[in-house]
Ligand SMILES: Cc1cc2nc3c(=O)[nH]c(=O)nc-3n(C[C@H](O)[C@H](O)[C@H](O)COP(=O)(O)OP(=O)(O)OC[C@H]3O[C@@H](n4cnc5c(N)ncnc54)[C@H](O)[C@@H]3O)c2cc1C
Ligand code: SF4
Ligand code: SF4
Ligand code: FES
């Protein structure tokens, strides 16, 4: 043990206080475990708070014909069949109960005429399926879970950043981090650790993601020996704001299209008729994002390089009631009244389908005692996620990971913390302070974002991806020499210096996987391999650490039981 | 476009003062963009909280030209640009560093409030018109601007006796939940000190979510406290009718 550090001990340590982390915490606590939750921001500010459109669950409150089977089928089809079928099945079966639970803990969803939870249409969902609260569903979810967790007695360590997972031999032992407020180091000792750190969007220039989304958990798990799955699948949401510059990338919820919004190019053409005449604006996100991108590229874009999204044909009062935050967002930040005229929108880096490879039932990784859930984990969404399927993912698999982590903690003894690992983690963090010369992390980050945006974006080619790998090597070298100014007290530059290392790991994993997959599928579009190939549909990509090098292997997609195949075959 | 001067508080628990930075204006720029530009090019250690950049998370609260506001929602072009724009941390809470303040007290107050407790064997049916009012309260993004502006906290520092408008909103969201079964009026009176509020409405004016904090939350709660403590009969009748929803 290293007595020189403040140390906290819990049965289950959860890294991340978004929907996945909090749902896991509530469950682990219900199992009798002592639970600690660490997060980089204040409690209640995690990325989940920004989710707008809703939670997908086949409650059948609006469309009685819905059911888990249809939800399962939609999810698999949306994911182009690369999904882990078992996760897709559990998700479809369990999400209605998870939503009801939220209601029982105090969440207040919009209602139907008969007093049930109202559901709205969303891209790729056959039926009206998204339970929502106007366009602030994430806020409702995170508040409900946070209050529940706090009332039940979780230990919350907020504004604390984990920079390394600690191991005791092959098993997990806890994590090392620092309090952002004073820059003081801290050790968390735990029998089980759940990574629920969310996405990676901040590695790209145009993104809907907050500063927190730097792929920390994926990089930390990878460094601790866990596997990363299907990292090539990065979702570009079709509708981000494009103007003014300060809000570029900010999300325009799919609920705008769910409520009847129409996309047009500068000639006033409803261009989705060309790309997906059947589903039009409510096609899946990969298709709509590529369509907008193509329109712009071929010279039919809006003045600031996007498409027009129009909801002004609906009653102004209705728009304000169903999409209040969109109304305010455009009015206040872009001087556009969406009840009177169109918005300008374009693709924005939004969601990571890939992530830590987990077992479907438990969220268990290949490292004993290490679990993952939420956006940081992979499997459910395959090659493309349907809107609304993330919030339900957080609830279903957050709960399952919490359950399994608590069971594991009951079964094992306390781990030992290895002081050599702690010392190394400390050295790594302090190095940028010790240099008297070196670049500012903001400069490197900005250029990394530009590079990924240009070379590892919506459309990819071998040439670009190979170049990107070369560029990444240079970025790594530069990051190894960067310098941080100021003190350790709440220092965002210092924080970014560590985040940058995580982004570099994740970016390399994305680029390598994208280069290897010689086809186009879901969110992964290769200009040099435009077709979707059956043979590739049978393969997932797994990345592991091999010394200092990254190793990529193909693994077969798990075979689905006959009855599930039946479901997929129905209603073509 | 032209440059503008940002006069930003730099300092920590031990003190500090304003520092001027010149920032190039861009179209549609908000105060948070200007702070980020300072971070990227001039002061990488400038501490400011933010997450969503879309007025959804309530992280970026600060006092801009003396007024509590969300930095991500405050347009530069709505401020007079011929003078320096001042950006200070929230005054009601202790400074940690620069624009970051210690708001942990709020989390402690929140933890005192009894959770939503549904009536036994309720049917989970609610009409939209019954939830409308509670949904207004649940829009709160916990920016704590209302806490900052309320004189009971800001000028009188009564953090021991007073919960502040944010938590009256939170209590209102529970008390007026159509299916909730417990009463929090004693807490309001004795621990959250609702009596100290003299309905100045300053909190309502700064709320970025446009929650009618005083009219819709505080005043009805004050009435409940009066009913329960000074007019037990009305309260009894209300209880018998099971009419928490009045
Ligand atoms: C604008 C927007 C709207 C969306 N709308 C919807 C929607 O309507 N429906 C839907 O289903 N999905 C939606 N999504 C997607 C969905 O919101 C996210 O995928 C989901 O919220 C991720 O949740 P999470 O719990 O996995 O992680 P997050 O909510 O991102 O939380 C991650 C947590 O991990 C912590 N963390 C990260 N790294 C560290 C570290 N190193 N140390 C300590 N803590 C760390 C963070 O502080 C944070 O608490 C939307 C996404 C965006 C950006
Ligand atoms: S109305 Fe009451 S709570 Fe609001 S600012 Fe005035 S005194 Fe404070
Ligand atoms: S009530 Fe309004 S001002 Fe107060 S914390 Fe909530 S959102 Fe902010
Ligand atoms: S950054 Fe979220 S409210 Fe300003």
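Chains as they are written, first to last, in the working numbering: chain R, 2 to 573; chain H, 56 to 301. Beta carbons are placed, not taken as given, at the ideal position from N, Cα and C, and that holds for glycine.
Run through chain H and tell me which residues come within less than 8 Å of residue 335 of chain R, C-beta to C-beta.
One finds 83 in chain H with Cβ atoms closer than 8 Å to the Cβ of residue 335 of chain R, taken in chain order.
Can you list, in chain order, the residues of its chain whose CB lies under 7 Å from that of residue 202 of chain R, leaving out five sequence neighbours each side?
The answer, listed in chain order, is 208, 209, 210, 214, 350 and 351.
Out of R:534, R:20 and R:30, which has the shortest C-alpha to C-alpha gap to residue 14 of chain R?
For residue 14 of chain R, the nearest C-alpha among the options comes from R:30.
Test: residue 144 of chain H CB closer than 8 Å to a CB of chain R:
no
Answer yes or no: does any C-beta atom of chain R fall closer than 8 Å to that of residue 213 of chain H?
no
So is residue 390 of chain R buried or exposed if we call it buried at 16+ other beta carbons inside 10 Å?
Taking a 10 Å sphere around the C-beta of residue 390 of chain R, we find 16 or more other C-beta atoms and assign the residue as buried.
Within 7 Å: the Cβ of residue 41 of chain R and any heavy atom of ligand 1?
yes
Against chain R, does residue 162 of chain H count as a neighbour if the rule is that its beta carbon must be under 8 Å from one of theirs?
yes
CA-to-CA distance, residue 394 of chain R to residue 558 of chain R, given in whole angstroms:
20 Å
Please tell me whether residue 267 of chain H has its Cβ less than 8 Å away from any Cβ of chain R.
no
Quick one: which chain R residues come within Cβ less than 7 Å of residue 197 of chain H?
45
From what residue to what residue does the beta strand (DSSP E) around residue 10 of chain R run?
Element bounds for residue 10 of chain R: 7-16.
When you compare the segment 304-315 of chain R with the segment 259-276 of chain R, are there three or more beta-carbon pairs, one atom per stretch, that lie closer than 8 Å?
Yes, the segment 304-315 of chain R is in contact with the segment 259-276 of chain R.
Inter-residue spacing [alpha-carbon to alpha-carbon] between residue 519 of chain R and residue 232 of chain R:
14 Å
Using a threshold of 7 Å, is the CB atom of residue 191 of chain H nearer than that to any non-hydrogen atom of ligand 3?
When distances are taken from the beta-carbon of residue 191 of chain H to the heavy atoms of ligand 3, even the shortest one reaches 7 Å or more.
Looking at the C-beta of residue 144 of chain R, does it have a partner C-beta in chain H at a distance below 8 Å?
yes
If residue 193 of chain H and residue 144 of chain R are in contact, beta carbons under 8 Å, what's the gap, nearest whole angstrom?
7 Å
Measure from the C-beta of residue 114 of chain H to each C-beta in chain R and report whether the shortest distance is under 8 Å.
yes
Give a yes or no on whether 8 Å exceeds the smallest Cβ distance from residue 64 of chain H to chain R.
no
In the segment 324-355 of chain R, which residues sit with their C-beta less than 9 Å from some C-beta in chain H, listed in chain order?
Listed by position along the chain: 325, 326, 329, 330, 333, 334, 335 and 336.
In angstroms, rounded to a whole number, what distance separates the CA positions of residue 532 of chain R and residue 92 of chain R?
29 Å
Can you list, in chain order, the stretches of the beta strand (DSSP E) that have 3 or more residues and sit fully within the segment 69-141 of chain H?
70-79, 116-119 and 122-125
By the criterion of Cβ-Cβ separation under 9 Å, what are the contact partners of residue 213 of chain R in chain H?
Residues of chain H passing the Cβ test: 106.
Compare the beta carbon distance of residue 142 of chain R and residue 43 of chain R with 8 Å and say whether it is the shorter of the two.
no
Could one say the Cβ of residue 147 of chain H lies closer than 8 Å to chain R's Cβ atoms, at least one of them?
no
Classification of residue 482 of chain R by the beta-carbon crowding that lies within 10 angstroms, buried from 16 upward:
Per the 10 Å Cβ criterion, exposed.
If distances are taken between C-alpha atoms only, which option among H:250, H:241 and H:232 comes closest to residue 219 of chain H?
H:250
Residue burial classification, residue 497 of chain R (beta-carbon count within 10 angstroms, cutoff 16)
Flag for residue 497 of chain R reads buried.
Given 8 Å as the limit, is there contact between the segment 173-182 of chain R and the segment 47-66 of chain R, that is, 3 or more CB pairs closer than that?
no
Going by beta carbon distance, what residues of the same chain come within less than 7 Å of residue 172 of chain H, once the five residues before and after it are set aside?
235, 236 and 237
Between residue 362 of chain R and residue 255 of chain H, what straight-line distance do the alpha-carbon atoms span, to the nearest angstrom?
54 Å
Assess, as a yes-or-no matter, whether the segment 548-564 of chain R is touched by the segment 103-112 of chain H under the definition of 3 or more beta carbon pairs within less than 8 Å.
No, they do not touch.
When the cut-off is 8 Å and only beta carbons count, does residue 173 of chain H lie next to chain R?
yes
Contact residues within the segment 176-187 of chain H, judged by C-beta distance below 8 Å to chain R
Residues passing the 8 Å Cβ filter: 179, 180, 181, 182, 183 and 186.
Counting only the same chain and skipping the five closest in sequence on each side, list residues whose C-beta sits under 7 Å from that of residue 212 of chain R.
203, listed in sequence order.
Residues around ligand 2, please: the ones whose beta-carbon is closer than 7 Å to some heavy atom of it, in chain order.
This selection yields H:201, H:204, H:205, H:206, H:207, H:219, H:220, H:223, H:252, H:253, H:254, H:255, H:256, H:257, H:258, H:259, H:268, H:269 and H:273.
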